[in-house]
Amino acid sequence: MTTSSSSESPQQAPAKDPWDLPDVSGLVVGVLGGTGDQGRGLAYRLARAGQKVIIGSRAAERAAAAAAELGRGVEGIEGADNAECARRSDIVIIAVPWDGHAKTLEALRDDLAGKLVVDCVNPLGFDKKGAYALKPEEGSAAEQAAALLPESRVTAAFHHLSAVLLQDEAIEEIDTDVLVLGERRADTDVVQALAARIPGMRGVFAGRLRNAHQVESLVANLISVNRRYKAHAGLRVTDV
Ligand SMILES: NC(=O)c1ccc[n+]([C@@H]2O[C@H](COP(=O)([O-])OP(=O)(O)OC[C@H]3O[C@@H](n4cnc5c(N)ncnc54)[C@H](OP(=O)(O)O)[C@@H]3O)[C@@H](O)[C@H]2O)c1
């Protein structure tokens with residue numbers, strides 16, 4: 000005979016509110032390739048939101064110069080070479096060009112062990128017709144990162160931001176959603192929370208890394224939008 004009283008049923012944890020995100024304000028964020036447009040923009044916005052940020056570069060002096068320049072407007076930005084940046088950060092954003100992606104990550108494998116890595120790299124080609132998506136052997140830049148960094152927690156996010164808007168000090172809010180992908184909910188929650196530190200921005204969970212290729216590729220479409228409408232387009236996901 001089987002019985003089914005509530006006391007015998009397996010305990011079901013109440014469903015977690017997907018917008019109940021962790022406090023990430025005390026985490027140090029490193030940005031590899033942080034001397035470039037995207038890295039500078041993210042570093043500036045995160046520091047402006049109160050996050051401690053380390054700009055990384057292949058040359059410590061270039062990182063220090065970028066940090067000093069951005070530090071005229073906000074507090075909490077330092078510079079270091081990429082390896083030191085990775086070691087001293089809790090969350091490490093990869094903001095190097097696709098061409099240097101694999102080589103950079105291979106060289107930093109040990110420094111990035113145990114870190115939460117956020118890949119924002121869009122593998123794109125350009126010809127006279129405009130931008131087009133490249134298909135990495137691993138499926139996407141994010142999956143290449145996951146393959147090269149087995150001891151890191153790799154996520155993907157921040158692909159669709161305009162570096163121009165991020166760096167514009169006169170702009171108070173960045174009006175966009177950020178699609179966040181990864182294999183572990185605890186990690187994507189942290190990255191969503193990080194995106195939400197920037198006024199106007201919201202991090203939205205968008206699946207596992209095997210679906211990162213579409214997200215990275217969509218930038219080619221956004222570049223077409225920007226050219227046609229002379230804009231710095233972002234994205235919004237409706238009804239969530
Ligand atoms: N720009 C945007 O609006 C935007 C938006 C979303 C995502 N992204 C993605 O973010 C990444 C960076 O974009 P970006 O426009 O900032 O690029 P970028 O200015 O061309 O490069 C960023 C930095 O990466 C370092 N770097 C250059 N070549 C490298 C190589 N071969 N190996 C390692 N490091 C190298 C340089 O820093 P050091 O010389 O100081 O090392 C450079 O300042 C790209 O993958 C892009 O797809 C860009």
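Read in numbering that gives the first Met the number 0, the sequence shown has 104 at position 105, and its numbers run on one by one without any break. No residue lacks a Cβ here, since even glycine has one placed at the ideal position from N, Cα and C.
Contact check, residue i vs residue j, beta carbons under 8 angstroms
{"i": "LEU160", "j": "THR175", "result": "yes"}
{"i": "GLY78", "j": "ALA48", "result": "no"}
{"i": "GLU197", "j": "ARG86", "result": "It should be noted that the sequence gives Ile, not Glu, for residue 197. Not closer than 8 angstroms, so no."}
{"i": "ALA156", "j": "GLY202", "result": "yes"}
{"i": "ASP188", "j": "PRO21", "result": "yes"}
{"i": "LEU234", "j": "GLY40", "result": "no"}
{"i": "ALA94", "j": "GLY35", "result": "yes"}
{"i": "GLY75", "j": "VAL91", "result": "no"}
{"i": "ALA62", "j": "GLY55", "result": "yes"}
{"i": "LEU147", "j": "GLU182", "result": "no"}
{"i": "ALA112", "j": "LEU208", "result": "no"}
{"i": "ASP89", "j": "VAL30", "result": "no"}
{"i": "GLY33", "j": "ALA42", "result": "yes"}
{"i": "VAL179", "j": "VAL153", "result": "no"}
{"i": "LYS102", "j": "SER151", "result": "no"}
Start-to-end residues for the alpha helix (DSSP H) that takes in residue i
{"i": "THR103", "result": "100 to 106"}
{"i": "ILE197", "result": "Run containing ILE197: none; DSSP gives neither H nor E here."}
{"i": "ALA130", "result": "From DSSP, ALA130 is part of no alpha helix (DSSP H) but of the beta strand (DSSP E) over 129 to 132."}
{"i": "ALA141", "result": "140 to 147"}
DSSP bridge partner residues for residue i (one or two, in chain order)
{"i": "ALA79", "result": "GLY55"}
{"i": "VAL91", "result": "GLY29 and VAL116"}
For residue i, the first and last residue of its enclosing beta strand (DSSP E)
{"i": "LEU115", "result": "115 to 118"}
{"i": "LEU234", "result": "Element bounds for LEU234: n/a, residue is neither H nor E."}
{"i": "LEU123", "result": "123 to 126"}
Cβ-heavy atom distance, residue i to ligand 3, below 7 angstroms
{"i": "ASP176", "result": "Although ligand 3 was asked about, the structure shown includes only ligand 1 as ligands."}
Problem set entry | Segments assigned beta strand (DSSP E), at least 3 residues, entirely inside the segment 3 to 72 | Counting whole runs of 3 or more residues, the segment 3 to 72 contains the beta strand (DSSP E) stretches 27 to 31 and 51 to 56.
Exercise. Which full runs of the alpha helix (DSSP H) of 4+ residues lie inside the segment 152 to 229, going along the chain?
Worked result: Restricted to the segment 152 to 229, the alpha helix (DSSP H) segments that are unbroken, complete and at least 4 residues in length are 162 to 166, 184 to 195 and 211 to 228, listed in chain order.
For this session: Decide if the segment 208 to 227 is in contact with the segment 124 to 144; the criterion is three or more beta carbon pairs, one per stretch, under 8 angstroms apart.
Result: Counting Cβ pairs under 8 angstroms, three or more are found: they touch.
Problem set entry | the segment 103 to 123 contacting the segment 140 to 156, beta-carbon criterion three pairs below 8 angstroms | The segment 103 to 123 makes contact with the segment 140 to 156, as at least three CB pairs between them are under 8 angstroms.
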